[in-house]
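Asks:
Number of protein chains: 2
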Amino acid sequence: MTSARAAQPRHFREVPRWDREADVVVVGLGAAGACAAIEAARAGASTLALERGWRGGGTSAESTGQIYLGGGTPLQKACGFEDDPEEMAKYLVASCGPGADEEKIRRFSEGSVEHYHWLGALGIAFEVGFVPYEESTMPRPGKGLTYTGSERAHPFREIARPAPRGHNVTRNGVASGELLMQHLLVGAAAAGAAVQTDARCETLVVGDDGRVAGVVARVAGGEQCVRARRGVVLASGGFVNDPEMLRRYAPDLLQTGRVIAAEGGDDGSGIRMGVGAGGAAVRMGAACIVLSFAYGNRDHIRGVLVNAQGQRYVNEDVYQSLHGEIALRRQGGQVWLVVDDSIYRPPEQDAYAYLGLRVAAVAETPEELGRELGLPEGSLGHTLAVYNAHAARGEDPLFHKERCWLRPLARPPYAAIDLRVGHGPYPVFTLGGLWTLPTGEVRDVDGEVVSGLFAAGRTASGIPAQGYNSGLSLADATWSGRLAGRTAAATG
Amino acid sequence: MTSARAAQPRHFREVPRWDREADVVVVGLGAAGACAAIEAARAGASTLALERGWRGGGTSAESTGQIYLGGGTPLQKACGFEDDPEEMAKYLVASCGPGADEEKIRRFSEGSVEHYHWLGALGIAFEVGFVPYEESTMPRPGKGLTYTGSERAHPFREIARPAPRGHNVTRNGVASGELLMQHLLVGAAAAGAAVQTDARCETLVVGDDGRVAGVVARVAGGEQCVRARRGVVLASGGFVNDPEMLRRYAPDLLQTGRVIAAEGGDDGSGIRMGVGAGGAAVRMGAACIVLSFAYGNRDHIRGVLVNAQGQRYVNEDVYQSLHGEIALRRQGGQVWLVVDDSIYRPPEQDAYAYLGLRVAAVAETPEELGRELGLPEGSLGHTLAVYNAHAARGEDPLFHKERCWLRPLARPPYAAIDLRVGHGPYPVFTLGGLWTLPTGEVRDVDGEVVSGLFAAGRTASGIPAQGYNSGLSLADATWSGRLAGRTAAATG
């Protein structure tokens with residue numbers, strides 16, 4: 001899976017000939033690259049997208065097709081939800097930090113409705129209906145709007161007025177990143193962007209003045225030098241598929257064992273090329289770490305998460321990506337979900353198989369369950385007694401789980417679902433990447449722009465700078481791709 | 493405090509003339525720079541050190557002069573402690589991770605006794621005596637050996653055989669980084685290294701081949717171009733004094749408010765220059781975050797640390813830098829130390845003033861104390877009841893605090909010492925920096941060496957990659973400085 005190491009740029013003078021030329025060259029044809037290509041081509045720039053796969057799509061095509069949009073989109077309004085850019089921005093700053101890029105968030109929140117219509121004009125539509133928060137974060141037939149974050153959970157609900165912002169691209173009611181990519185790829189072709197598949201890019205071409213002038217691609221076993229008259233947009237994903245980069249930048253992710261990425265994609269080549277050409281890579285330890293214990297059974301949120309001391313450590317209703325971050329990075333990946341018989345349901349085959357949830361222990365009392373898990377004597381019994389006493393009154397003074405999830409766990413037997421890292425499901429992808437302006441221009445370590453170089457999607461550090469909600473990567477990719485494509489096309 | 497932004501290297505051809513030349517040019521004259529200069533000069537290279545201050549010393553001179561050494565040093569042996577390189581390496585890998593640089597640790601552990609003698613030959617001696625672990629981690633008159641890490645605390649004591657490794661440079665029994673630096677600076681002069689003070693370096697000079705050929709320094713208001721025939725060693729500290737870099741790479745440190753750094757030093761200029769010349773910066777979020785609640789009163793370790801839920805969250809006997817990491821990054825900086833009247837002592841003026849410890853609340857019972865702190869009703873009472881019941885038996889089944897610290901907290905009144913970030917003391921410095929080989933050669937994003945460029949001390953990511961023990965930064969700086977100086981001198 002480790003890719004070749006050739007990120008140092010080639011000098012303009014060492015290019016024997018230009019095999020191809022375009023105004024804007026886009027590297028990678030996932031959501032970010034496709035949107036960059038569309039906008040660049042529409043702006044009148046001759047545009048060439050280079051894709052390593054045999055077709056475009058990348059990890060975006062393998063995603064669930066959720067796009068985080070808000071600020072009062074037609075879908076939100078049709079489903080009866082109020083939202084505005086300020087509330088959306090407040091939530092994103094709180095959930096994408098510390099150190100969120102507030103300017104990117106502000107622009108995206110203000111532009112979100114326009115972005116909705118832009119996607120719509122490409123044929124990307126959402127079924128008008130809302131899946132109740134208590135039921136699922138995934139779409140259902142006829143229902144394209146879902147909650148995909150911690151908007152309703154403490155402390156976020158006190159920071160910003162909650163609204164569902166998961167806009168789900170569906171095919172026959174099932175979430176489909178593939179359909180999203182189909183629309184975007186058709187859009188890119190319609191806009192006049194050329195596509196070269198089977199083209200692997202690992203080296204940029206840089207002139208005497210430091211300006212990025214093109215890219216070296218390996219196509220069908222041969223080398224092609226592709227000149228970019230106005231700029232190169234790097235949009236080839238993150239680095240979760242590159243163990244060496246993980247070791248260097250985010251070593252704790254190596255424990256998780258499963259990555260969210262297209263096969264062979266997200267190998268860090270875009271980030272490495274950008275750094276080689278002078279770009280700064282920032283927030284490289286940031287990641288989306290998913291701990292998705294409620295995916296197949298939303299009632300699991302009524303359960304109690306405990307750590308190796310048998311203590312609760314979080315309100316169970318925060319979103320799955322925050323759960324992953326907290327469980328792995330604050331609890332050492334040693335956590336279990338405790339449920340009673342009123343919650344436990346025999347696993348739905350597909351959902352549970354997907355997640356790989358396993359029951360670690362079953363017992364008639366919490367004390368006994370704690371003993372089976374090897375927790376300190378008495379701790380789990382006390383944790384549940386305190387939880388139950390408060391839950392009976394609809395309260396959670398420790399972590400403020402929302403009332404709708406509070407109910408004493410009092411019907412034996414009790415079960416503990418194993419969520420320890422290495423035992424439970426921790427799919428991950430990386431959020432760190434090239435430091436960019438909101439325009440998509442890549443910045444060097446001084447904060448100056450690297451001429452001719454742009455980045456979008458997970459190749460850049462974007463809106464989900466240091467925290468994640470589902471749909472944010474596609475939102476960020478499509479939005480930042482558009483901006484990068486436009487800026488590149490307008491570059492003199 | 494923000495420094496100028498000029499990290500993009502200047503091209504060799506744009507250098508009007510060389511004002512000065514040397515084989516090896518060292519940027520920064522703290523511990524790392526001084527050791528680099530000594531070794532380079534001793535190896536026969538003409539060596540010039542450029543220091544921004546009016547004299548050398550940097551943050552090293554303002555430190556407590558603790559050096560983490562082990563593997564069976566003469567001081568350890570004289571004090572009756574067994575140690576060997578394997579145990580030392582095992583401890584360092586565990587406490588400097590995840591993602592510790594095992595090769596750097598192995599070499600340092602194996603070379604530690606030799607390094608001890610090397611320092612000794614420069615006049616750096618340690619008083620032969622051991623300060624008992626229960627008493628202090630700082631030296632006393634006649635006693636230069638102390639514990640300066642979590643060696644005796646769970647889980648480390650099960651990973652490696654504990655030994656004290658804090659080798660303290662003292663003057664009149666008081667820890668003194670200034671005395672350490674005096675010896676190192678005299679050593680550099682004796683070795684024949686030239687020093688230019690008041691020389692601020694922010695730009696490297698790079699040739700057509702990418703090789704680092706020198707540095708541009710501002711001396712007395714004018715610009716001097718200094719040629720480095722063999723190499724430049726960047727040793728100008730970390731970036732804790734640069735708020736812009738903190739925002740980009742380690743935003744949570746901005747909450748802590750206090751930095752450990754020489755005034756104007758540790759401004760990230762070395763790291764930025766290195767990145768500008770093609771070096772990769774890694775583990776940039778890593779930091780030493782000190783939460784030093786037991787500095788003035790070691791008995792505080794007998795107290796109980798609680799979080800915003802009134803729960804314990806760590807064994808109180810881990811080292812202060814691990815406490816800071818855990819409190820800030822895993823508990824959101826919302827923690828208190830609870831003590832009873834058998835532990836509490838009126839603050840010793842100097843120690844407490846240094847730390848700024850404040851009492852948040854005093855009460856006759858734990859329940860009442862919890863109420864005053866605004867903790868969930870009943871939680872603190874339960875926490876102390878559980879702690880006391882086990883402590884009476886010399887046990888801590890939740891966190892395994894060592895038996896010597898266990899005693900019920902049963903003598904009212906109870907006090908809570910405020911350790912919340914923004915209220916308690918959280919001095920910090922950064923650990924992230926340039927990616928280097930153990931030889932000190934700087935690596936680019938492909939892992940290839942950047943010709944002519946070396947880094948040492950906090951300008952590099954070194955032995956304390958992702959976790960800290962006191963004395964490790966001086967150990968790493970002196971050791972990595974030596975290696976970088978030697979390698980640079982031997983470069984063709």
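Top line first, the protein sequences correspond to chains A and B.
For what it's worth, my numbering labels the leading residue of the first sequence as 1, then goes sequentially.
For what it's worth, my numbering labels the leading residue of the second sequence as 493, then goes sequentially.
Where is the CB? At the ideal position from N, CA and C, for every residue including glycine.
Buried or exposed for B/W546, please, with buried defined as at least 16 other CB atoms from any protein chain shown within 10 angstroms of its CB.
Replies: B/W546 should be labelled exposed.
Asks: Compile a chain-ordered list of the residues in the segment 736 to 753 of chain B whose CB is closer than 7 Å to at least one CB of chain A.
Replies: Answer set for the segment 736 to 753 of chain B: R739, R740, Y741, P743, D744.
Asks: Between the C-alpha atoms of A/P397 and B/K582, what's the straight-line distance to the nearest angstrom?
Replies: The alpha-carbon atoms of A/P397 and B/K582 are separated by roughly 42 Å.
Asks: Closest to B/H892 by C-alpha separation, out of B/R794, B/D759, B/M630, B/L738, would be which residue?
Replies: The shortest Cα separation from B/H892 among B/R794, B/D759, B/M630, B/L738 belongs to B/R794.
Asks: Mind checking the segment 387 to 411 of chain A against chain B and listing, in chain order, the residues whose C-beta falls within less than 8 Å of any C-beta there?
Replies: Residues passing the 8 Å Cβ filter: P397, L398, F399.
Asks: Which residues in chain A sit within 7 Å of B/P868, going by Cβ to Cβ distance?
Replies: The answer, in chain order, is P397, L398.
Asks: Which value, in whole angstroms, describes the spacing of the CA atoms of B/M673 and A/S150?
Replies: Their backbone Cα atoms lie some 51 Å apart in a straight line.
Asks: Per DSSP, A/C404 forms a beta bridge with which residues?
Replies: Per DSSP, none; premise fails for A/C404.
Asks: Who does A/N307 pair with in a DSSP beta bridge?
Replies: DSSP, once it has assigned bridges, lists A/V335 as partnering A/N307.
Asks: State the CB to CB distance for the pair B/P905 and B/N880, rounded to an integer number of angstroms; the pair is presumed to be in contact (CB under 8 Å).
Replies: Their Cβ separation, rounded to whole angstroms, is 16 Å, which puts B/P905 and B/N880 out of contact at 8 Å.
Asks: Would you say A/Y426 and A/L291 are within 8 Å of each other, going by their C-beta atoms?
Replies: In contact: A/Y426 and A/L291 (Cβ atoms closer than 8 Å).
Asks: Output the distance between the C-alpha atoms of A/G310 and A/H382, rounded to the nearest integer angstrom.
Replies: Using only the alpha carbons, I get a separation of about 9 Å.
Asks: Return the bridge partner residues of B/E715 from the DSSP annotation.
Replies: DSSP output for B/E715 lists B/R710 as bridge partner(s).
Asks: With a cut-off of 8 Å, do at least 3 Cβ pairs link the segment 745 to 760 of chain B to the segment 936 to 943 of chain B?
Replies: Contact fails: fewer than three Cβ-Cβ distances are below 8 Å.
Asks: Could you tell me which chain B residues have their CB closer than 7 Å to the CB of A/G265, listed as they occur along the chain?
Replies: Those do not exist, as A/G265 stays about 19 Å from chain B at its closest Cβ, beyond 7 Å.
Asks: Could you check if B/K569 is buried or exposed, using at least 16 other CB atoms within 10 Å of its CB as the buried criterion?
Replies: It is exposed - the Cβ of B/K569 has fewer than 16 other Cβ atoms within 10 Å.
Asks: When Cβ atoms are compared, which residues of the segment 923 to 951 of chain B fall closer than 9 Å to chain A?
Replies: Answer set for the segment 923 to 951 of chain B: W927, D936, V937, D938, G939, E940.
Asks: Would a C-beta distance cut-off of 8 Å place A/L69 and A/R165 closer than the cut-off?
Replies: Yes. Within cutoff.
Asks: Are the C-beta atoms of A/P366 and some chain B residue less than 8 Å apart?
Replies: Not an interface residue.
Asks: Just to confirm my understanding: we take A/G356, look at its own chain, exclude 5 residues before and 5 after, and list those with CB closer than 8 Å. What are they?
Replies: Excluding residues within five positions, the ones whose Cβ falls inside 8 Å are G424, P425.
Asks: Considering just the uninterrupted stretch of the alpha helix (DSSP H) at B/Y583, what are its terminal residues?
Replies: Per DSSP, B/Y583 belongs to the alpha helix (DSSP H) from 577 to 587.
Asks: State the DSSP-derived secondary structure class of A/S480, mapped to helix, strand or coil.
Replies: A/S480 falls in the helix class under three-state DSSP.
Asks: Can you give me the start and stop residues for the alpha helix (DSSP H) that B/Q674 sits inside?
Replies: Run containing B/Q674: 669 to 683, per the alpha helix (DSSP H) assignment.
Asks: Hey, how far is the Cα of A/P74 from the Cα of A/E395?
Replies: Distance between the alpha carbons of A/P74 and A/E395: 35 Å.
Asks: In three-state DSSP terms, what is B/Y906?
Replies: Here B/Y906 sits in strand by DSSP.
Asks: With distances taken Cα to Cα, identify the nearest neighbour of A/F126 among A/S95, A/I67, A/F108.
Replies: For the residues A/S95, A/I67, A/F108, the minimum Cα distance to A/F126 belongs to A/I67.
Asks: Counting only beta-carbon separations shorter than 8 Å, does A/V282 have a partner in chain B?
Replies: With 8 Å as the cut-off, A/V282 counts as an interface residue toward chain B.
Asks: Got a sec? Which residues, its chain only, sit under 6 Å from A/D19 by beta carbon, not counting five neighbours each side?
Replies: Excluding sequence neighbours, A/D19 sits near Q224, C225.
Asks: Can you find a CB in chain A that lies within less than 8 Å of the CB of B/Y844?
Replies: A caution first: B/Y844 carries a pLDDT of 47, below 50, which makes its placement in the model unreliable, though a value can still be read off. Judged by the 8 Å Cβ criterion, B/Y844 is not in contact with chain A.
Asks: Could you give the C-beta distance for A/S109 and A/G71, rounded to a whole number, given that I count them as a contact under 8 Å?
Replies: About 5 Å separates the two Cβ atoms, so the contact holds.
Asks: Does chain A have any CB closer than 8 Å to the CB of B/Q826?
Replies: Chain A, which has no Cβ nearer than 8 Å to the Cβ of B/Q826, makes this no.
Asks: Taking only beta-carbon atoms, is B/H874 less than 8 Å away from chain A?
Replies: Yes, its Cβ sits closer than 8 Å to a Cβ of chain A.
Asks: Let me confirm a value: A/C404 is counted as buried when at least 16 other C-beta atoms fall within 10 Å, else exposed. Which label applies?
Replies: Per the 10 Å Cβ criterion, exposed.
Asks: Looking only at its own chain, which residues have a Cβ that is under 8 Å from the Cβ of B/Y844, when we skip the five neighbours before and after it?
Replies: Residue confidence for B/Y844 is low, a pLDDT of 47 falling below 50, so the modelled location carries little weight; the figure read from the coordinates is stated next. Same-chain partners within the cutoff: G788.
Asks: Are B/A779 and B/L923 close, meaning C-beta to C-beta below 8 Å?
Replies: Yes, the pair counts as a contact, with Cβ atoms nearer than the cut-off.
Asks: Under three-state DSSP, which class holds B/R946?
Replies: First, the amino acid is wrong: residue 946 of chain B is Phe here, not Arg. The answer is strand: DSSP assigns B/F946 an E or B state.
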